[in-house]
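K.L.:
Just dropping this structure here.
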Amino acid sequence: MPETRFNRLEQARLEKAEVLRGLGQGPYGLRFDPSHRHAELQRLHADLANGQERDEQVAVAGRVMTRRVMGKLAFFTLLDETGPIQLFIEKATLAAALPDQPEAFTQLTTLVDAGDWIGVSGSLRRTDRGELSVKVSAWQMLTKALQPLPDKWHGLADVEKRYRQRYLDLVVSPGTRETFRRRALLVSGIRRWLDERQFLEIETPVLNAEAGGADARPFTTHHNTLDLPLVLRIATELHLKRLVVGGFERVYELGRIFRNEGVSTRHNPEFTTVEIYQAYADYTDMMALTEELIAAVCQQVCGSTAIEYQGTAIDLTPPWRRATMHELVEQATGLDFNGFSSREQAAAAMAAAGLEVPESADCVGRLLNEAFEQRVEDTLVQPTFVTDYPVEISPLARAHRSKPGLVERFELFIVGRETANAFSELIDPIDQRRRLEAQQERRAAGDLEAHGVDEDFLHALEVGMPPTGGLGIGIDRLAMLLTDSPSIRDVIAFPLLRPEAAPPVG
RNA sequence: GGGUCGCUAGCUCAGCGGUAGAGCACUCGGCUUUUAACCGAUUGGUCCUGAGUUCGAAUCUCAGGCGACCCA
15 MPETRFNRLE
25 QARLEKAEVL
35 RGLGQGPYGL
45 RFDPSHRHAE
55 LQRLHADLAN
65 GQERDEQVAV
75 AGRVMTRRVM
85 GKLAFFTLLD
95 ETGPIQLFIE
105 KATLAAALPD
115 QPEAFTQLTT
125 LVDAGDWIGV
135 SGSLRRTDRG
145 ELSVKVSAWQ
155 MLTKALQPLP
165 DKWHGLADVE
175 KRYRQRYLDL
185 VVSPGTRETF
195 RRRALLVSGI
205 RRWLDERQFL
215 EIETPVLNAE
225 AGGADARPFT
235 THHNTLDLPL
245 VLRIATELHL
255 KRLVVGGFER
265 VYELGRIFRN
275 EGVSTRHNPE
285 FTTVEIYQAY
295 ADYTDMMALT
305 EELIAAVCQQ
315 VCGSTAIEYQ
325 GTAIDLTPPW
335 RRATMHELVE
345 QATGLDFNGF
355 SSREQAAAAM
365 AAAGLEVPES
375 ADCVGRLLNE
385 AFEQRVEDTL
395 VQPTFVTDYP
405 VEISPLARAH
415 RSKPGLVERF
425 ELFIVGRETA
435 NAFSELIDPI
445 DQRRRLEAQQ
455 ERRAAGDLEA
465 HGVDEDFLHA
475 LEVGMPPTGG
485 LGIGIDRLAM
495 LLTDSPSIRD
505 VIAFPLLRPE
515 AAPPVG
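Counting in our numbering, the first sequence runs from 15 upward without gaps.
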């Protein structure tokens with residue numbers, strides 16, 4: 015390995031690592047038993063007055079974030095998962111505690127850099143300035159870092175670097191740590207809420223012969239031994255419904271799905287959803303479930319159901335607004351889509367109202383959806399259930415019990431973003447076959463997002479699926495909302511980015 | 001896919017046609033109550049890549065790379 019691989023900063027750290035090795039101090043420790051973390055120490059010793067000491071031995075470990083050495087006294091801050099703890103490092107204290115290591119103070123202050131992991135033990139002291147500190151009487155190197163930390167004051171401002179080197183972002187950005195902590199609480203909160211209500215989480219395949227359950231282009235891959243082309247799932251819907259056919263009355267799956275589509279502040283090619291199916295329920299039941307579930311986890315994660323997102327107050331306290339797609343479009347555009355009997359009529363009215371009329375919207379229902387996306391979607395800032403969708407864009411939803419041409423479906427919008435989607439599930443195998451065949455025709459005509467016909471799924475419906483309510487929630491978008499993050503990349507630890515440099519040829 | 005902006009030291013940034021700069025970090029010296037510690041000294045560069053214009057390019061032009069934001 016050529017020496018030139020390391021720059022002078024890394025080289026200096028390597029030299030320190032060698033000195034530490036010679037002293038029997040790692041530089042890569044085996045184990046350490048911290049007695050407390052930052053949060054516990056702060057809680058347990060909140061009563062310790064400024065300038066006072068408490069003769070209780072503690073051991074803490076973490077990454078050295080800052081160093082302030084002044085002659086025979088030094089202050090380090092050590093960061094553990096819960097926060098920073100100050101180390102009060104006194105030459106005299108170390109010398110008294112370690113009579114056989116007269117150089118301990120010098121070694122600690124010259125061989126330990128910002129970025130290193132160390133473990134220390136000592137007693138407690140709150141400094142004159144009020145900072146709870148561990149008065150160090152022994153220390154050990156746990157890991158020598160070869161890379162310097164980013165600027166301690168400005169942190170990592172380069173967004174690209176924050177995404178590519180998330181580990182560094184996490185080290186220096188408390189807000190990033192908090193975001194992923196909240197995301198974890200969100201995910202575990204959803205699971206707990208569902209588990210408490212007797213929903214079973216059952217895992218379904220990621221690799222499938224056919225993509226189904228959503229309008230999206232899949233990633234394609236290949237199984238070598240079976241010589242089989244496969245696609246990654248774009249939804250978990252069709253398998254979860256098979257489980258309902260099999261007799262599981264309440265099932266869900268919280269997991270990753272994959273859509274081979276663009277990347278934006280709201281889209282990542284792999285993202286996380288939870289799909290929930292409840293037998294004997296319909297879409298109104300799923301609306302109630304959605305409200306309760308999201309309000310509950312919001313309360314757990316944020317401590318309130320009234321939150322702020324990018325400067326806008328959002329109130330997730332149930333009940334939420336409910337409105338039909340037709341009503342909302344009429345309010346926004348003045349166009350009553352109930353009155354249109356042909357695509358031409360609707361298209362002309364839309365054009366007259368200044369809306370775009372894309373070629374691909376080949377029926378009244380799709381035009382209605384266009385009008386909704388163009389004029390309504392962005393305006394739905396407070397949580398809103400948009401109900402009663404056109405059948406043409408809802409191939410897996412049950413026909414509405416009283417409104418011809420519509421289905422029993424809702425989508426939940428919050429801050430203008432689709433956050434959940436739910437139906438009274440279509441359980442009639444004959445109707446379902448007709449719908450999927452219509453999709454198949456669209457696909458044959460070039461619509462790469464149209465569904466295919468999944469014969470086994472149809473067979474399952476023929477075996478008989480009870481009336482069922484189904485719901486899908488986008489976890490990433492919910493995480494954005496609950497962490498006040500403007501981009502989906504902020505709530506995905508390692509978002510997809512192009513490789514920094516072109517891969518080597520060959 | 002289109003537009004705008006960005007890419008300079010480990011980090012944060014300035015420089016915008018005439019010797020490559022600052023703060024922090026690093027290294028060395030000093031310092032027992034700091035918390036962006038302080039004081040002094042030193043060190044550190046593929047100015048994203050390539051081509052062009054020019055006596056001279058980090059700077060201007062073109063092409064490319066990566067990213068951010070907006071639009072579709």
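Even for Gly, the Cβ is constructed at its ideal location relative to N, Cα and C.
1. How about the stretch 289-309 and the stretch 361-378: do they share at least three Cβ pairs that are nearer than 8 Å?
2. Tell me the residue span of the beta strand (DSSP E) that contains Phe354.
3. Consult DSSP for Tyr294 and reduce its assignment to one of helix, strand or coil.
4. Does Asn383 come out as helix, strand or coil in the three-state DSSP assignment?
5. For the pair the stretch 111-118 and the stretch 63-75, tell me if three or more CB-CB distances fall below 8 Å.
6. Leaving out five residues before and five after Thr218 in sequence, what residues of the same chain have Cβ atoms less than 7 Å from its Cβ?
7. Under the assumption that Phe427 contacts Leu394 (Cβ atoms under 8 Å), give the Cβ distance between them as a whole number of angstroms.
8. Measure the C-alpha to C-alpha separation of Met15 and Ala159 and round it to an integer number of angstroms.
9. In the DSSP assignment, what are the bridge partners of Thr234?
10. If you follow the alpha helix (DSSP H) that Ala3 is in, where does it begin and where does it stop?
11. Going by alpha carbons, who is nearest to Ile132 out of Asp498, Glu384 and Trp153?
12. Expressed to the nearest angstrom, what Euclidean distance is found between the alpha-carbon atoms of Glu391 and Arg431?
13. Apart from the five residues just before and just after Cys377, which ones in its own chain have a Cβ nearer than 6 Å to its Cβ?
14. Going by CA-CA distance only, name the one from Ala385, Leu307, Val311 and Pro333 that's closest to Gln345.
15. How about Val245 and Phe262: are their beta carbons less than 8 Å apart?
16. Quick one: measure Cβ to Cβ for Val78 and Ser49, integer angstroms, because I've assumed they're closer than 8 Å.
17. Which one or two residues does DSSP pair with Pro404 in a beta bridge?
18. DSSP on Asp468, reduced to helix/strand/coil?
19. Any idea which residues DSSP pairs Gln100 with across the strands?
20. Please state the DSSP three-state secondary structure of Trp207.
21. Exposed or buried, which one is Glu32 when buried takes at least 16 other CB atoms within 10 Å?
22. By a C-beta neighbour count over all protein chains shown, 10 Å radius and 16 as the cutoff for buried, is Ser416 buried or exposed?
23. Quick check on Ile444: does DSSP put it in helix, strand or coil?
24. Report the rounded CA-to-CA distance for Lys105 versus Asn21, giving the unit in angstroms.
25. If we ignore side chains and look at the alpha-carbon of each, how far apart do Asn274 and Phe285 end up?
26. Leaving out five residues before and five after Gly520 in sequence, what residues of the same chain have Cβ atoms less than 6 Å from its Cβ?
27. Would you kindly check if the distance between the Cβ of Glu422 and the Cβ of Thr482 is under 8 Å?
28. Give a yes or no on whether the C-beta atoms belonging to Leu146 and Leu62 are separated by under 8 Å.
29. Between which two residues does the beta strand (DSSP E) harbouring Asp130 extend?
30. For Ala516, count neighbouring C-beta atoms within 10 Å of its own C-beta (all shown protein chains included) and say buried if the count is 16 or more, exposed if not.
31. By the 10 Å Cβ neighbour count, where 16 or more other Cβ atoms means buried, how is Lys149 classified, buried or exposed?
32. Taking 8 Å as the limit between beta carbons, can you name the residues of its chain near Arg211, skipping five residues before and five after?
33. So, for Val186: in the same chain, excluding its five sequence neighbours on each side, which residues have a beta-carbon less than 6 Å away from its beta-carbon?
34. So, for Pro509: in the same chain, excluding its five sequence neighbours on each side, which residues have a beta-carbon less than 7 Å away from its beta-carbon?
35. With DSSP as the reference, identify every bridge partner of Leu138, one or two as the case may be.
36. Applying the criterion that 16 or more other CB atoms from any shown protein chain within 10 Å of the CB defines a buried residue, is Val288 buried or exposed?
P.N.:
With the given structure in hand:
1. no
2. First-last for Phe354: undefined, no H or E at that position.
3. coil
4. helix
5. no
6. Thr250, His253, Leu254 and Glu267
7. 4 Å
8. Interpretation of Met15 is limited by its pLDDT of 32, a score under 50 that renders its predicted location unreliable; the figure taken from the coordinates is listed afterwards. About 19 Å.
9. Val245
10. Because the chain here runs from 15 to 520, residue 3 falls outside it and cannot be looked at.
11. Trp153
12. 7 Å
13. Arg357 and Glu406
14. Ala385
15. no
16. Not really, about 19 Å apart at Cβ, beyond 8 Å.
17. Leu420
18. coil
19. Thr91 and Ser147
20. helix
21. exposed
22. exposed
23. helix
24. 32 Å
25. 11 Å
26. Confidence at Gly520 is low in this model, with a pLDDT of 25, below 50, so the placement of that residue is unreliable and no value is reported for it.
27. no
28. yes
29. That residue, Asp130, is in no beta strand (DSSP E); it is neither H nor E in DSSP.
30. The predicted model places Ala516 with a pLDDT of 47, which falls under 50 and marks its position as unreliable, so this point remains unresolved.
31. buried
32. Arg264
33. Pro164, Gly169 and Leu170
34. Tyr177, Asn282 and Arg503
35. Arg68 and Val148
36. buried
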